[in-house]
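Counting from 0, one number per residue, gives the positions in the sequence shown under numbering that gives the first Met the number 0. Think of the CB as a built atom: it goes at the ideal place given N, C-alpha and C, for glycine as much as any other residue. Computed from a prediction, not measured in an experiment: that's the story for all the values here. Contents: one structure, followed by commentary.
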Amino acid sequence: MTPATDTRWEHLARLRDSINPRTLGLIGAVAITLGSFGGGAIRYRGGVLDALGLRFFSYGHGAGFSNVLFFIGTAALIAAWIILGYRIRTTSVALREINRTLAAWVAPLALAAPMFSRDVYSYLMQGAMLRDGFDPYTEGAAVNPGPLLLEVSHDWRNTTTPYGPLHLWLGEGITSISGDNVTLGVLLYKIVSLAGFIAISWSIPKIAQHLGANPTWAQWIGVANPVMIFHLVGGMHNESVMVGLVSITIYLALRRHTPVVLLGAAIALKATAIIALPFLVWIETHRLSNKHGIHPVVAFIISGTWMTAITVATIAIITRLSGSSWGWVSQLSGNSKVINPLALPTLAADIITANGKYIDENIPYNTILSTTRTIGMIAMLLGLVIVWWLARKTELGAIRGTAAAYTVAVLFNAVTLPWYYASLISLYGVVKPGEKLQRVMIATSLFVAWEFAGSGNHKLYDLPWVALSIVLSIAAVKVVYSGTRKPSPVPAA
């Protein structure tokens with residue numbers, strides 16, 4: 000490099016070192032919160048801005064201002080996360096400092112409008128359907144007109160829900176309190192999502208400590224991650240509670256107390272939690288074999304039997320008490336209408352169709368997509384079985400297998416959305432991955448974080464933006480790993 004280039008890099012390095020990531024992230028979170036009321040997944044009718052006489056911030060030039068403010072906030076929080084990662088790698092940062100920083104970043108979002116997705120409005124509607132005597136597994140939201148229905152995305156008004164009975168029971172409880180008050184219902188869901196996020200942030204460092212990983216790094220990459228904050232807290236997705244329950248279950252299983260009831264509750268919320276069960280069986284198998292001298296095969300049969308039985312019983316009890324049904328099992332593919340290239344089958348269909356048009360301009364996209372999704376489903380099932388078998392030898396192997404299994408599911412599933420990454424992101428920091436894999440996870444997290452607007456619309460088919468996102472993500476990884484001094488051990492709290 001030339002002397003001028005060296006000087007520029009020195010200036011950037013000094014700027015990086017002078018920024019307080021907690022303060023920068025807090026400023027970003029406040030900007031996101033303020034911008035969310037006009038640039039987030041805002042109400043179609045009514046809302047906070049309307050009540051304050053500031054509705055002009057949600058349309059026209061006012062909406063432009065809100066979106067710019069929202070974008071600046073997300074960029075600031077992402078930059079703060081990158082700088083914090085650099086600090087953790089190059090200096091001794093205590094876990095309690097990371098926790099305080101995380102709290103500062105998340106606190107303003109407790110008051111923000113829904114962002115990156117309109118799903119919370121569907122959650123309210125589905126809960127209200129159960130409350131009002133409808134069956135969300137056989138009927139769409141349109142059968143229950145009212146203020147809540149007006150906020151549900153048009154694409155989902157005639158679609159049944161793929162979520163479990165605990166999801167409906169929770170929604171019924173919230174809408175029984177909030178009635179048709181959308182603002183209050185959203186606020187109550189925000190409290191629930193924060194509870195799940197806190198459960199994740201409590202569990203992940205403890206899992207990391209148990210497995211001999213750096214709890215500070217695990218908390219940074221797995222919980223303070225922008226994807227986790229944006230979509231679990233900001234988007235209020237039920238992954239927050241699901242991942243929280245799974246995380247607590249994993250931690251207690253490693254401590255020789257396997258609370259299968261919690262895992263059953265997580266599955267009753269969202270079915271993808273079941274991916275963790277076979278790996279927890281390996282952990283319990285090792286415990287029975289090592290502690291009680293039971294033959295590994297016998298220990299496996301015992302563990303698998305009682306854990307599966309309690310899981311199913313828990314789901315059955317929740318289903319019965321919630322007043323819902325087992326209809327959710329047949330509705331698990333209910334969101335297959337979503338198409339974006341985060342899912343490999345969709346990406347493959349996009350590439351095949353785009354190039355196939357040179358041979359046949361009438362090439363049927365839906366037919367190609369159906370084929371790639373079928374192949375993807377087969378690949379996912381095979382991948383899950385292979386990963387499960389390879390994870391059988393140790394506790395660390397079982398947790399690594401869990402993270403790998405969720406990765407396989409996210410890659411090959413028919414539909415992949417940003418919040419689906421929460422299950423695997425939360426675990427990658429605890430399994431002591433190599434530096435290359437860490438770099439990939441950081442870059443992937445940043446790419447996913449860039450690709451969705453506050454309204455929930457994605458930019459994955461905007462090729463210039465995708466290219467810019469890739470470049471920025473790679474550059475950010477270089478910033479995180481630009482330091483050379485290794486962190487010294489720090490206390491856990």
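Excluding residues up to 5 positions away in sequence, ASN339, GLU450, PHE451 lie with their Cβ nearer than 7 Å to the Cβ of HIS457 in the same chain.
If you check the CB distance, GLY233 and LEU423 do not come in under 9 Å.
HIS230 sits in a helix when the DSSP states are folded into three classes. Rounded to the nearest whole angstrom, the C-alpha separation of ARG372 and TYR162 is 21 Å.
In the three-state scheme derived from DSSP, where H, G and I count as helix and E and B as strand, PHE196 is classed as helix.
Its Cα nearest to that of ASP134, the residue PRO164 stands out among GLY145, PRO164, LEU148, ALA74. Within the region 396-482, the complete alpha helix (DSSP H) segments of 4 residues or longer fall at 421-427, 434-449, 462-479, listed in chain order. Taking every protein chain shown into account, the CB of ASP118 has 16 or more other CB atoms within 10 angstroms, so this residue is buried. Assigned with DSSP and collapsed to three states, MET128 falls in helix. Collapsing the DSSP output to three states places ASN98 in a helix.
For ARG391, the three-state secondary structure derived from DSSP is coil.
Considering only THR393, GLU394, ILE385, GLY34, the residue with the shortest C-alpha distance to ALA408 is ILE385.
Using a Cβ distance threshold of 9 Å, PRO225 and THR215 do not count as a contacting pair. DSSP places GLY221 in the uninterrupted alpha helix (DSSP H) bounded by 214-221. Annotation for THR32: the continuous alpha helix (DSSP H) segment containing it runs 20-38. Taking the C-beta atoms as reference points, GLY170 is found no nearer than 9 Å to ALA198. Less than 9 Å divides the Cβ of ALA212 from the Cβ of VAL430. Of the candidates THR89, MET128, GLU434, ALA342, the residue whose Cα lies closest to the Cα of ASP16 is THR89.
When the alpha-carbon of ALA79 is set against those of LEU23, GLN437, ILE228, the nearest one is in LEU23. Ranked by how close their Cα comes to the Cα of GLU394, the residues PRO277, GLY326, THR73, VAL240 have PRO277 in first place.
For ILE309, the enclosing alpha helix (DSSP H) covers residues 295-321.
Contact between ALA272 and MET241 holds, since their C-beta atoms are separated by about 5 Å, short of 8 Å. A straight line joining the alpha-carbon of LEU51 with that of GLY61 spans about 14 Å.
In the three-state scheme derived from DSSP, where H, G and I count as helix and E and B as strand, ASN157 is classed as coil. Apart from sequence neighbours up to five positions away, the residues of its chain that approach ILE309 with a beta-carbon distance below 6 Å are VAL259, ordered along the chain. Taking the C-beta atoms as reference points, GLY34 is found no nearer than 9 Å to LEU76. Counting C-beta atoms within 10 angstroms of its own C-beta, HIS236 has 16 or more neighbours from the protein chains shown and is therefore classed as buried.
Judged by DSSP secondary structure, HIS60 falls within the alpha helix (DSSP H) whose first and last residues are 59-89. Looking at TYR43, LEU14, SER65, ALA28, the one whose alpha-carbon comes closest to that of PHE36 is SER65.
Around the Cβ of ALA353, a 10 Å sphere holds fewer than 16 other Cβ atoms; the residue is exposed.
By the criterion of at least three beta-carbon pairs nearer than 8 Å, the region 365-379 is not in contact with the region 435-445. In this structure ILE206 is in contact with ILE249, their Cβ atoms being roughly 6 Å apart against a cut-off of 8 Å. In this chain, the alpha helix (DSSP H) harbouring GLU150 covers 146-150.
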